[in-house]
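Chains A and B, in that order, are what the protein sequence lines are.
Count along the first sequence starting at 1, add 418, and that's the number in the numbering used here.
Counting along the second sequence from 1, when you hit position 238 you're at 218 in the numbering used here, and nothing is skipped either side.
Glycine is no exception: its CB is placed at the ideal position from the N, C-alpha and C atoms.
Everything on this sheet refers to the single structure shown next.
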Amino acid sequence: MSSPLIYDVKNITLRFGGVVSINNLSLEHRRGEILAVIGPNGAGKTSLFNSLTGVYQPQEGSIDLFGADGEKMSVIGKKPHRVATAGVARTFQASRMFNAMTVFENVKAGAENHRGLGVMGAIFRGPGTRRDDRETDAQVLELLEFVGLRDRANAISASLNYGDRRRLEIARGLATKPSALLLDEPAAGTNPSEKFELTELIRRVRDVRGVSILLIEHDMKLVMSLAERIYVLNFGAAIASGTPAEIRANEDVIAAYLGSQKQGGK
Amino acid sequence: MKSLLSKQSLKKLGGILFLTALVELMTGGPGQQLTPNLGLKLSFGERVSYFGLFVTQRWLVFLTLGLIIFVLSSVTWRNGSPVKYVRGTVSGFSKYVPRNKYARALFIVALVVLVFLMPTFVSNAYWRAAMVEQVAIYVLLALGLNVVVGFAGLLDLGFVAFYAIGTYTTAWITGSLPLAPPFHHALNPFWAIPIAIAIAMASGILLGAPTLRLRGDYLAIVTLGFGEIIAVLANNLFSVTGGATGTNQIPHFSFHVGPFSYLWGLDPVPYYYLVIGFTILFFIAFHFLNESRIGRSWTAIREDEVAAESIGINPLKFKVMAFAIGAASAGFAGVITAGQNNFVTPDMFTLQFSINVLVLVIFGGMGSITGVSLGAVVVQVVTMQLDHNPPSGFIPQDLFMYLGALLVVMMIFRPAGLFPAKRRHREFGQASQGIGHGNEVLMGETNE
Chain A
419 MSSPLIYDVK NITLRFGGVV SINNLSLEHR RGEILAVIGP NGAGKTSLFN SLTGVYQPQE
479 GSIDLFGADG EKMSVIGKKP HRVATAGVAR TFQASRMFNA MTVFENVKAG AENHRGLGVM
539 GAIFRGPGTR RDDRETDAQV LELLEFVGLR DRANAISASL NYGDRRRLEI ARGLATKPSA
599 LLLDEPAAGT NPSEKFELTE LIRRVRDVRG VSILLIEHDM KLVMSLAERI YVLNFGAAIA
659 SGTPAEIRAN EDVIAAYLGS QKQGGK
Chain B
-19 MKSLLSKQSL KKLGGILFLT ALVELMTGGP GQQLTPNLGL KLSFGERVSY FGLFVTQRWL
41 VFLTLGLIIF VLSSVTWRNG SPVKYVRGTV SGFSKYVPRN KYARALFIVA LVVLVFLMPT
101 FVSNAYWRAA MVEQVAIYVL LALGLNVVVG FAGLLDLGFV AFYAIGTYTT AWITGSLPLA
161 PPFHHALNPF WAIPIAIAIA MASGILLGAP TLRLRGDYLA IVTLGFGEII AVLANNLFSV
221 TGGATGTNQI PHFSFHVGPF SYLWGLDPVP YYYLVIGFTI LFFIAFHFLN ESRIGRSWTA
281 IREDEVAAES IGINPLKFKV MAFAIGAASA GFAGVITAGQ NNFVTPDMFT LQFSINVLVL
341 VIFGGMGSIT GVSLGAVVVQ VVTMQLDHNP PSGFIPQDLF MYLGALLVVM MIFRPAGLFP
401 AKRRHREFGQ ASQGIGHGNE VLMGETNE
């Protein structure tokens, strides 16, 4: 627990009109950690993700992101693409690929440097542009190899099955060379064998590529086997956090999931 | 074969007859204010000669055509109706386009040679002028609008504004406007090219930066308004633009470099080569842009803006870039038009003009550079032919009705255009199968 922080979330509150989606939530994500966020439907998990990536702007609290170089950046008020370039990649609950592109092009779009304009470079295709292009292509192939989609490189991404779509999204996210990868229900809609392979892939992303993982998931077996630390959300607030063993034994968590006299009427 | 007299068949017959009657009425003679029934009378009662073969009443011909379509769509032939067979053949047309790299290169080289030799085949004065003013310029405009509509997926209904900016900049630089030229003396239109492109791009950025946050229909309305604003300004800023009469003092292109000098004049052929030369440059530039990471970013934004942002693409920046690049080519087209026509008036810049260019892009195939170029040539040549030598029964005022009908037919049979771009073709295919998601789904919130 001594590794430096990657996300430092302090007391954020996110409201939509009168609806409080996230209520005074604090969260710490350490570098190199696989952290899971669980909670019943409507607990605010995806809202948390959207706040962490700049899609939503919480009204209160602070979110600090420590990028690859350790520099601190406040996420609140930043556009999603700024957060992405600062080193955060994500996948979506309903997978969002560029459907008409091939698998290769999807990942290449992620691997490219979008910061410069480079209109002239694009038009005249000088040696520098071509070298960059070749390097990007090599990276893309390496990533496709890593996630196991190398043989589907030229397939249209809409033709992939659920499991492969998740892999593609992960590859596209990794292509941006992130420090943290946020996975929004990666196992949704996958069958048991795909689920197993996905678990292995997520672990490899952390072990081999050193990317910290933040994961939302409903599948308890997957969460308990993969996560090193877990936050449990209910009604937008964190009701517990700890190791899988601690969470399994926590009475508040059991109450939130199964309902109890104390928690049910809240 | 189903019975021709079943309830379903009769319904179809009714529909077809209604449509033929409608087309008959629409394409018939024009009415007049004093005799409002004249149009009706001409439509149904007129005796027309068809190709010199037979003379008969219009309505009889239309009725026969309607019945033929009904029979053709009802009988079975090759596991379907003949109409379905034709439809299948038409939509499977892309497979005849050469896929092989070398065959494609050869095809393009042949096309370029043909384009360069064109003036030697065309001797008719009408067509020599139309070749430049109505075909080559429109190809250029369609290429520019394709960057905005086809590559970046933004609906721009005010494209004419940038064209207007190009022509007025030329008039200004060459000292033909009430407003004094910027460098104290009038310049040759060649100098207007970089300046007009710069001003058009700048106005594209000025318009784009605040408005490109809008999506879809909203953007279309704003651009439409911008087009109108420019036209109204041109009409009313008398001390700057010369008002409704504009100016007719713009000099021809010329160059004098050392011992070499050349003056473009009334002959359209030198202008043809000038436009074609630049069009090919734009063509190549846009091709490489589309194949580059910029092109991939545009595609990514067009297909899923949220996902594009999540991998670090700034949508606003790339949209503004597309807008500015499109504006640049329209501005350039404006310079050529101004230099060749020698005059500019505000009534050249109508909404109809913008829509006309949009029709070329949609017809040719959004996102496909070759497609929009060929589409522009086809539509403009057919339009000019109808205008120059109208067949019997064709009323020139009806032209836009036919273009509209053409678009409707295109949308049904080939929604991705005549020569669709690969990715666009897939997008349309996926849309019709209900796969994929556009910008309308903001977030996967539904399951939370």
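To the nearest angstrom, report how far apart A/I452 and B/Q410 are at their CA atoms.
Residue numbering aside, residue 452 of chain A sits at position 34 when the first sequence is read from its first letter. Residue numbering aside, residue 410 of chain B sits at position 430 when the second sequence is read from its first letter. Their backbone Cα atoms lie some 36 Å apart in a straight line.
Quick one: residues in its chain with C-beta nearer than 6 Å to the C-beta of B/G482, no 5 flanking neighbours on either side, listed in chain order?
Lying before the first or after the last residue shown, residue 482 of chain B is absent from chain B, which here runs from -19 to 428.
Coarse secondary structure for B/F333, derived from DSSP in three states:
Residue mapping note: residue 333 of chain B aligns to position 353 of the second sequence, counting from 1. For B/F333, the three-state secondary structure derived from DSSP is helix.
How many Å lie between B/W244 and B/F233 at the Cα?
As a first step, residue 244 of chain B must be located in the second sequence, where it is residue number 264. As a first step, residue 233 of chain B must be located in the second sequence, where it is residue number 253. Roughly 5 Å separates the two Cα atoms.
Express the C-alpha separation of B/T56 and B/M(-19) in angstroms, rounding to a whole number.
Indexing the second sequence from 1 puts residue -19 of chain B at position 1. Indexing the second sequence from 1 puts residue 56 of chain B at position 76. Per-residue confidence for B/M(-19) stands at a pLDDT of 48, beneath the threshold of 50, marking its modelled position as unreliable; the derived number appears in the next sentence. Rounded to the nearest angstrom, the two C-alpha atoms are 6 Å apart.
Given that B/I185 touches chain A, what residues does it touch there, using C-beta distances under 8 Å?
For the purposes of this step, residue 185 of chain B is taken as residue 205 along the second sequence, with counting starting at 1. Ordered by position in chain A, no residue passes the 8 Å Cβ test against B/I185, which lies about 12 Å from the chain.
On a Cα-Cα basis, can you pick out the residue from A/E523, A/F542 and A/A556 that is closest to A/A571?
Position 153 of the first sequence, counted from the first residue, corresponds to residue 571 of chain A. The option with the nearest alpha carbon to A/A571 is A/E523.
Over the uninterrupted beta strand (DSSP E) stretch that includes A/K428, give me the two end residues.
As a working mapping, residue 428 of chain A is identified with position 10 in the first sequence. DSSP places A/K428 in the uninterrupted beta strand (DSSP E) bounded by L423 to F434.
Bridge partners for B/S234 per DSSP, in chain order?
By 1-based counting over the second sequence, the position of residue 234 of chain B is 254. Bridge partners of B/S234: B/L243.
Can you tell me whether DSSP reads B/H267 as helix, strand or coil?
On the second sequence, residue 267 of chain B is found 287 positions in, with the first residue counted as 1. DSSP places B/H267 in helix when its eight states are reduced to three.
For the candidate residues B/D247, B/R38, B/I293 and B/L125, whose alpha-carbon lies nearest to that of B/G25?
Residue 25 of chain B sits at position 45 when you count from the first residue of the second sequence. With distances taken between CA atoms, B/G25 lies nearest to B/R38 out of B/D247, B/R38, B/I293 and B/L125.
Proximity test, Cβ basis, 8 Å: A/F510 and chain B
Within the first sequence, residue 510 of chain A is the residue found at index 92, counting from 1. Yes, because at least one Cβ of chain B sits closer than 8 Å to the Cβ of A/F510.
Does the stretch 325 to 336 of chain B come close enough to the stretch 202 to 220 of chain B that 3 or more CB-CB pairs lie under 8 Å?
Touching, yes, given that three or more Cβ pairs across the two stretches are closer than 8 Å.
So, at 7 Å on beta carbons, what are the nonlocal neighbours of A/L567 in its own chain, with the 5 sequence-adjacent residues on each side left out?
The residue labelled residue 567 of chain A in the question sits at position 149 within the first sequence. Within the same chain, V521, D582, R585, L586 and A589 come within 7 Å of A/L567 by CB-CB distance, once the 5 residues on both sides are set aside.
Check the Cβ of B/E407 against every Cβ in chain A and list those closer than 7 Å, keeping chain order.
For the purposes of this step, residue 407 of chain B is identified with residue 427 of the second sequence, where counting begins at 1. The CB of B/E407 comes closer than 7 Å to the CB of A518 in chain A, given here in chain order.
Return the bridge partner residues of A/D482 from the DSSP annotation.
Residue 482 of chain A sits at position 64 when you count from the first residue of the first sequence. Looking at the DSSP assignment, A/D482 forms a beta bridge with A/D426 and A/S492.
Do B/N322 and B/N168 have their C-beta atoms within less than 8 Å of each other?
Taking the first residue of the second sequence as position 1, residue 322 of chain B is located at position 342. Taking the first residue of the second sequence as position 1, residue 168 of chain B is located at position 188. Not closer than 8 Å, so no.
Alpha carbons only, please: which of B/L186, B/I145, B/A105 and B/Q377 is nearest the one belonging to B/M6?
Stepping through the second sequence from its first residue, residue 6 of chain B is reached at position 26. Ranking B/L186, B/I145, B/A105 and B/Q377 by Cα distance to B/M6 puts B/Q377 first.
Taking the alpha-carbon positions, what's the B/T147 to B/T317 distance?
Along the second sequence, one-based indexing puts residue 147 of chain B at 167. Along the second sequence, one-based indexing puts residue 317 of chain B at 337. Spanning the two alpha carbons is a distance of roughly 7 Å.
Counting only Cβ pairs nearer than 7 Å, list the residues of chain B close to A/E612.
Against the first sequence, residue 612 of chain A aligns to sequence position 194. Residues of chain B with a Cβ closer than 7 Å to the Cβ of A/E612 do not exist, since the nearest Cβ in that chain sits about 18 Å away.
So for A/V455, helix, strand or coil by DSSP?
By one-based count along the first sequence, residue 455 of chain A stands at place 37. Three-state result, A/V455: strand.
Can the beta-carbon of B/T134 be found closer than 8 Å to that of B/V128?
One-based indexing of the second sequence puts residue 134 of chain B at position 154. One-based indexing of the second sequence puts residue 128 of chain B at position 148. Sequence inspection shows Leu at residue 134 of chain B; the Thr mentioned does not correspond to that position. Contact: yes.
Could you check what DSSP says for A/L619 in three-state terms: helix, strand or coil?
As a working mapping, residue 619 of chain A is identified with position 201 in the first sequence. Secondary structure of A/L619 (DSSP, three-state): helix.
Nonlocal neighbours in the same chain, by C-beta distance under 7 Å from B/R58, ignoring five residues either side
Residue 58 of chain B sits at position 78 when you count from the first residue of the second sequence. Cβ-Cβ distances below 7 Å link B/R58 to Y65 in the same chain, with the five nearest sequence neighbours on each side left out; the list follows chain order.
Quick check on the burial criterion: 16 or more other C-beta atoms within 10 angstroms. Buried or exposed for B/F240?
Along the second sequence, one-based indexing puts residue 240 of chain B at 260. By the neighbour-count criterion, in which a residue is buried when 16 or more other Cβ atoms sit within 10 angstroms of its Cβ, B/F240 is exposed.
Distance CB(B/G238)-CB(B/P326) smaller than 8 Å
Here residue 238 of chain B refers to the residue found at position 258 when the second sequence is read from its first residue. Here residue 326 of chain B refers to the residue found at position 346 when the second sequence is read from its first residue. At least 8 Å separates the beta-carbon of B/G238 from that of B/P326.
Can you check which of these residues, B/E283, B/A176 and B/P162, is closest to B/Y443 by C-alpha distance?
One cannot answer for residue 443 of chain B here, as it falls past the ends of chain B, which runs -19 to 428.
Taking B/L192 and B/L338 to be in contact with their CB atoms under 8 Å, please state how far apart those CB atoms are, rounded to whole angstroms.
Here residue 192 of chain B refers to the residue found at position 212 of the second sequence. Here residue 338 of chain B refers to the residue found at position 358 of the second sequence. A Cβ-Cβ separation of about 18 Å leaves B/L192 out of contact with B/L338 under the 8 Å criterion.
Secondary structure at A/V473, three-state DSSP: helix, strand or coil?
The residue you call residue 473 of chain A lines up with position 55 of the first sequence. Under the three-state reduction of DSSP output, A/V473 falls in the coil class, being neither helix nor strand.
For A/A667, count neighbouring Cβ atoms within 10 angstroms of its own Cβ and tell me buried if that reaches 16, exposed if not.
The residue given as residue 667 of chain A occupies position 249 in the first sequence. In summary, A/A667 is exposed, with fewer than 16 beta-carbon neighbours lying within 10 Å of its beta-carbon over all protein chains present.
Looking at A/A512 and B/E283, is the spacing between their C-beta atoms short of 8 Å?
Counting from 1 along the second sequence, the entry for residue 283 of chain B is found at position 303. Counting from 1 along the first sequence, the entry for residue 512 of chain A is found at position 94. Note that the C-beta distance between B/E283 and A/A512 is not below 8 Å.
Element boundaries [alpha helix (DSSP H), containing A/V402]
In the structure as shown, chain A starts at 419 and stops at 684, and residue 402 of chain A therefore has no counterpart that could be examined.
Go ahead and label B/I291 buried or exposed: buried means 16 or more other beta carbons lie within 10 angstroms of its beta carbon, across all protein chains shown.
Looking up residue 291 of chain B in the second sequence gives position 311. By the 10 Å Cβ count, B/I291 comes out buried.
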